[in-house]
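A.B. asks:
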Amino acid sequence: MRILVVEDDKDVAGFVLKGLREAGHVVEHASNGRDGLFLAASESFDAIVLDRMLPGGIDGLRLLETLRSQNNHTPVLFLSALAQVDERVKGLKAGGDDYLTKPFSFAELLARVEGIARRGRGEGPVTRLAVADLEMDLLSRTVRRGGEKIDLQPREFRLLEYLMRHAGQVVTRTMLLEGVWDYHFDPQTNVIDVHVSRLRQKVDKPFPAPLIHTVRNAGYMLRAEAP
Amino acid sequence: MRTLPVVTLGLILSLVQTGPGKAQLRLVQSKPMTITTDTVAYCDQLSADVARARATQAKVPPDVTRLAAEGRRLCDKGLIRPGIERLRRAWTLLTVH
Amino acid sequence: MSLATTLQMLGRGRTDPRQRRTPMFRSAGFRFGILYASLFGLSALALAAFLWWTTVGLLDRQTDAAINADTQGLAERYQEGGLPALIETIDQRLATNIDDNAIYLLVGPRFDRIAGNLNAWPRGVTLDTNWFELPVERAGLKGVARLHEFNLAGGFHLLVGRDSHVRSQLRRLLTAALLWSAVVALILGMLGGALVRGAFRATVADVSATAAAIAAGDLSRRVRIAGTDDEFDLLAAAVNDMLDRIMRLMDGVKQVSNAIAHDLRTPIARARTRLEDAAIHARSPDELHAAIERAQADLDGVVGVFQAILRIAEIEAGARRSAFVTFDLSALITDMTELYTAPAEEAGLRLDAAIQYEISLHGDRDMIQQAVANLLDNAVKFSPTGTTVQLTLAASRDGVRIEVADRGPGIPEADRTRATERFFRGEQARSTPGSGLGLALVQAVATLHGGTLTLADNAPGLRAILKLPASSMNVAS
Chain A
26 MRILVVEDDK DVAGFVLKGL REAGHVVEHA SNGRDGLFLA ASESFDAIVL DRMLPGGIDG
86 LRLLETLRSQ NNHTPVLFLS ALAQVDERVK GLKAGGDDYL TKPFSFAELL ARVEGIARRG
146 RGEGPVTRLA VADLEMDLLS RTVRRGGEKI DLQPREFRLL EYLMRHAGQV VTRTMLLEGV
206 WDYHFDPQTN VIDVHVSRLR QKVDKPFPAP LIHTVRNAGY MLRAEAP
Chain B
7 MRTLPVVTLG LILSLVQTGP GKAQLRLVQS KPMTITTDTV AYCDQLSADV ARARATQAKV
67 PPDVTRLAAE GRRLCDKGLI RPGIERLRRA WTLLTVH
Chain C
319 MSLATTLQML GRGRTDPRQR RTPMFRSAGF RFGILYASLF GLSALALAAF LWWTTVGLLD
379 RQTDAAINAD TQGLAERYQE GGLPALIETI DQRLATNIDD NAIYLLVGPR FDRIAGNLNA
439 WPRGVTLDTN WFELPVERAG LKGVARLHEF NLAGGFHLLV GRDSHVRSQL RRLLTAALLW
499 SAVVALILGM LGGALVRGAF RATVADVSAT AAAIAAGDLS RRVRIAGTDD EFDLLAAAVN
559 DMLDRIMRLM DGVKQVSNAI AHDLRTPIAR ARTRLEDAAI HARSPDELHA AIERAQADLD
619 GVVGVFQAIL RIAEIEAGAR RSAFVTFDLS ALITDMTELY TAPAEEAGLR LDAAIQYEIS
679 LHGDRDMIQQ AVANLLDNAV KFSPTGTTVQ LTLAASRDGV RIEVADRGPG IPEADRTRAT
739 ERFFRGEQAR STPGSGLGLA LVQAVATLHG GTLTLADNAP GLRAILKLPA SSMNVAS
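If you read the sequences in order, they're chains A, B and C. In terms of this note's numbering, the first sequence is numbered consecutively and its last residue is 252. In terms of this note's numbering, the second sequence is numbered consecutively and its last residue is 103. In terms of this note's numbering, the third sequence is numbered consecutively and its last residue is 795.
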């Protein structure tokens, strides 16, 4: 994917650029709002990582508003130290697709960037999901692995659906809480881990190759085989 | 708000200034005219009339004598109106029954 | 930020108001006094005018009736007995006029005086004058009389009149009363003005003195409340409420800075030690890696604490009230139960939920979730294996009650009030991971919704009761 990173902090920018390139993406970088707007408007990207506070007169919100007013719908992930809910709402209202507060873990950033980029690609309605020998029929709401039917609770079904839709990507606990439960809070305990481990009991345990993998310090990933 | 005190004071003063009553009837002249029944002469006349009337009556009430004497005395002292008032009372007692 | 601004604003007008004198005429109290005096004067004036016009009218009508009757009588006497009878009657009436207020004048065709007590025919009176007023002098006393001109057969003219001295007396009386009332109103107004001004000054001076004291740093000062329940007391109470809030915010800031100084130091120091230790002693890349990851986890914990502090501050500042929506609380609690059943079972607990259905709430959905999650987190964290955690949602006339009861160690009575303070950690909690912010956040959420958080003994265990007021609640049917 082609990704534009607009970030003035050299350390953060270097960290993000390096990570995204390692993950196999083509990355452009702008260190101020003016350059960022120029790049975003003149070239085509799959996603933009945009810092809220930028030097050069044009801050992140202005940049995005200008971009959207030019009918440019490139998915945008806001990156900001402004953590208040109001700020988050402001960012999303201006046309941002997601909002990540600093400090962040790179895994989370990567997961969210890939998430919005995929959303932006606008896949049509899906009725079947499949990863390796795991199949999910969204119409009959059934799950089979290797042809064997797996009985899942409704919430477990949604959890697995979310993981399958993001197959090959890191999915953080926060993303799961938001995407599966529609909750926007920080759980103190390991609630999500417990649910994932229960899902594993049903989806992975009876089978030789595990599909749900734990990514240290980040979250989970559903993928066919270990890399 | 600020004009209210001024308005009030103005109204009070104007009401005090205006002679009420002038408004209703025409004042025919400004120089006061003398009333002749408030003079020493009338006092004397009334006093004489009372004395004459007393003389003609058989039984004079004691009040008449007292009022007549009192009226006379007041008139002599220059208190014309109270004097005339006493004499008129005496006269009324004598003539009106 | 708002706190800093407030203090700045308080500090700006730092002149001592007690030493500032308001000029008399610019005092609001004095203006009120003058205003009331004017109103009083106006009403006195209106009363006097009403009395004047009604009384004078009545008196005039009575006088006129007497004059008419008198004239009528004299005219009849003239008709019956001619001129001599008329003259005699006039003399008789004058002689019996005890009130000394009658005026008669009979003149001939050439206006020569025949009888009566007026020395001459008044100038300006013509034969069609009929009714008029005349200034007269009785033994040197000036007055005004009402007269009626009547023409008799044979060219004789008759004037019959009465002094209107009662009227002039009344006028003098009313005028005097009016002037006196004006004087009294003025004095009373001044006095009232001075009193009101005094009251104003006392109250305003107290408020300003309190504000000045606060600005100077004495946050304990409060405006005196007289206990009269008047407007001044309302103002004082409002100011005091504001000051209480400022004080609470200040305390919060103080508490947080203390907490940051003490509680956040520990994990940061730990992370630092780990990194330093690894930098010096790590013998393999794997060891180094492990140390870095552990330090990273420590720092993530610090970030989490920061986020929680900021969130509590945000809630306490009331900034989230704009996020209020009406949502299905029963569904939310049901989902929470579902979310926490698995972790509870994992910990060997039973999560028992009693949820009343169809309760909707007007509030901040995310924050209610967070609050309930915190309560459930605590319950799951502290309950011994094999016990039951009871979650209850019930609505009554007073409001909504969300209750989480566990069989854990509970909180000793002495600590319960402090348990909702930021960074408070009970003896039992010291050995478990956590930031000591969970209950503080629940408390903040309760306050945001105008509700309360009560911690009670579950004998054994803790019963956390989150009550939200009825005003925020909607129960279907």
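A virtual CB, placed ideally from N, CA and C, is assigned to each residue, including glycine. No experiment lies behind these values; they were computed from the predicted model shown.
1) Answer with yes or no whether the minimum CB distance from A/Glu105 to chain C is below 9 Å.
2) Can you find a C-beta in chain C that's less than 9 Å from the C-beta of B/Gln35?
3) Any idea which residues DSSP pairs A/Ser105 with across the strands?
4) Could you give the uninterrupted runs of the alpha helix (DSSP H) lying entirely in the stretch 602-636 of chain C, keeping only those of 4 residues or more?
5) Just to check my reading of the structure: C/Ile421 and B/Ile41 have Cβ atoms closer than 8 Å, yes? What is that Cβ distance to the nearest angstrom?
6) Measuring CA to CA, which of C/Gly511, C/Ile564, C/Gly426 and C/Glu467 is closest to C/Phe350?
7) Taking a Cβ distance cut-off of 7 Å, strictly less, list which residues of the stretch 125-149 of chain A are near chain C, in chain order.
8) To the nearest angstrom, report how far apart C/Ile673 and C/Ile720 are at their CA atoms.
9) State buried or exposed for A/Phe70, treating a residue as buried only when at least 16 other CB atoms are found within 10 Å of its CB.
10) Determine the extent of the alpha helix (DSSP H) in which C/Tyr658 is found, giving its start and end residues.
11) Quick one, which of C/Arg456, C/Ser575 and C/Pro585 has its alpha-carbon nearest C/Leu628's?
12) Which residues of chain C have a Cβ atom closer than 7 Å to the Cβ of A/Ala108, listed in chain order?
13) Compare the Cα-Cα distances from C/Asp481 to each of C/Trp371, C/His475, C/Arg464 and C/Arg489 and report the closest residue.
14) Of the residues C/Arg590, C/Gly779, C/Leu784 and C/Ala366, which one's Cα is nearest the Cα of C/Val763?
15) Which bits of chain B does C/Thr414 rub up against, with CB to CB less than 8 Å?
16) Establish whether the CB of C/Val621 and some CB of chain A are separated by less than 9 Å.
17) Among the candidates C/Gly768, C/Glu398 and C/Leu667, whose CA atom is the shortest distance from the CA of C/His680?
18) In this structure, does DSSP put C/Phe474 in helix, strand or coil?
19) So, are the CB atoms of C/Met568 and C/Ser538 less than 9 Å apart?
20) Assuming the contact rule is C-beta atoms closer than 8 Å, A/Ala119 and A/Leu86 should be a hit. Round their C-beta distance to whole Å, please.
21) With a threshold of 9 Å between beta carbons, is C/Asn285 in contact with chain B?
22) One question on the structure: do C/Arg683 and C/Ala641 come within less than 9 Å of each other, judged by their Cβ atoms?
23) Using 9 Å as the threshold, is the C-beta distance between C/Leu650 and C/Ile686 below it?
24) What do you reckon, are the CB atoms on B/Leu93 and B/Arg78 nearer than 9 Å?
25) Just checking: is the beta-carbon of C/Ser356 within a distance shorter than 9 Å of some beta-carbon in chain B?
26) Going along chain C in order, which residues have a C-beta closer than 7 Å to the C-beta of A/Leu180?
27) Output, in chain order, the set of chain C residues within a Cβ distance shorter than 7 Å of A/Arg223.
28) Against A/Phe40, what residues of chain C qualify as contacts under a CB-to-CB distance less than 9 Å, listed in chain order?
29) Give a yes or no on whether 9 Å exceeds the smallest Cβ distance from B/Glu143 to chain C.
30) Excluding the 5 residues preceding and the 5 following C/Asn696 in the sequence, name in chain order all residues of the same chain whose CB lies nearer than 7 Å to its CB.
31) C/Gln708 by DSSP, collapsed to three states: which one?
32) In this structure, does DSSP put C/Leu771 in helix, strand or coil?
33) Go ahead and pull the three-state DSSP assignment for A/Lys174.
34) Counting along the chain, where does the beta strand (DSSP E) carrying A/Ala155 start and finish?
35) Against chain C, with Cβ distances strictly below 9 Å, would A/His238 count as a contact?
36) So C/Glu451 packs on B/Pro38, CB below 8 Å; how close in whole Å?
C.D. replies: The answer reads as follows:
1) According to the sequence provided, residue 105 of chain A is Ser. The question's Glu does not apply to it. Chain C contact via Cβ: absent.
2) yes
3) A/Thr126
4) 603-634
5) 7 Å
6) C/Gly511
7) Pro128
8) 9 Å
9) buried
10) Leu647 to Glu664
11) C/Ser575
12) Gln625 and Leu628
13) C/Arg464
14) C/Leu784
15) Arg94, Trp97, Thr98, Thr101 and Val102
16) yes
17) C/Gly768
18) coil
19) no
20) 5 Å
21) The question about residue 285 of chain C has no answer here: the residues shown for chain C are numbered 319 through 795.
22) yes
23) yes
24) yes
25) yes
26) Here residue 180 of chain A is Arg; the residue named in the question, Leu, does not match the sequence. Neighbours of A/Arg180 on chain C, chain order: Glu656.
27) Ala660
28) Those within 9 Å of A/Phe40 in chain C number zero; the least Cβ separation is about 13 Å.
29) Here chain B has residues from 7 to 103 only, and residue 143 of chain B is not among them.
30) Gly756
31) strand
32) strand
33) strand
34) Arg153 to Val156
35) no
36) At roughly 12 Å, the Cβ-Cβ gap does not stay under 8 Å, so C/Glu451 and B/Pro38 are not in contact.
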